[in-house]
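Residue numbers (my numbering): 156 to 301.
Backbone N, C-alpha and C define an ideal beta-carbon position, used for all residues, glycine too.
Nothing here was measured: the structure is a model prediction, and the numbers come from that model.
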Amino acid sequence: MEAARADGPRVAEHVSGLGLRSDRGSAWFAMRGNEAMASQVKKNRTRRRGGFSLLELLAVVTILGIIAVVVIPRISVSANTAKTNAHKQNVSEINSAVERWYFEKGSYPAKDLSDIGADANYFPNSLPTNPLTGAKYTLDANNRAQ
156 MEAARADGPR
166 VAEHVSGLGL
176 RSDRGSAWFA
186 MRGNEAMASQ
196 VKKNRTRRRG
206 GFSLLELLAV
216 VTILGIIAVV
226 VIPRISVSAN
236 TAKTNAHKQN
246 VSEINSAVER
256 WYFEKGSYPA
266 KDLSDIGADA
276 NYFPNSLPTN
286 PLTGAKYTLD
296 ANNRAQ
């Protein structure tokens, strides 16, 4: 009993800080319960496994989605622009080859460009195709590539 009385002031101070009842019996159990909870919290902190929380993963996925929404349309526009520029370059090269053919042979090549495409002096790797449609180029009535 003497030991309980000796702890009295210390228990009372601790209990008053916690807002618990101040009788000695319940205060002692309340104090011991808080210590047990504190030690459990410490154990949980030390055993915490590394990794990302669900909220962190959700934030990253959201940011990646926003970036994709912004970047993908720009890439598709760039791809179409590149194909259009390649088409213009191909038409220019074919028109130059047709004019060269005319000056060397005295006549224009066939409308389907089969004869100029077969001559390795004009297109060593083969006649280019339209990158927009995949079709072969032909000559129009003015002997221009189309």
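Check	Outcome
Just tell me which of Thr293, Gly205 and Glu211 has its CA closest to the CA of asparagine 285.	Thr293
Going by beta carbon distance, what residues of the same chain come within less than 7 angstroms of serine 281, once the five residues before and after it are set aside?	Gly272
Could you tell me the distance, in whole angstroms, from the CA atom of alanine 252 to the CA atom of glycine 289?	20 angstroms
Go to serine 208, then tell me how far its alpha helix (DSSP H) extends in each direction, as first and last residue.	Segment: none, serine 208 is in no alpha helix (DSSP H) and carries neither H nor E.
Please report how far the alpha carbon of alanine 296 lies from the alpha carbon of tyrosine 263, in whole angstroms.	11 angstroms
Excluding the 5 residues preceding and the 5 following proline 283 in the sequence, name in chain order all residues of the same chain whose CB lies nearer than 6 angstroms to its CB.	Asn245
Who are the near neighbours of arginine 204 in its chain, counting only those whose CB is closer than 8 angstroms to its CB and skipping five residues on each side?	none
Going by the beta-carbon positions, is the gap between leucine 287 and lysine 238 smaller than 8 angstroms?	yes
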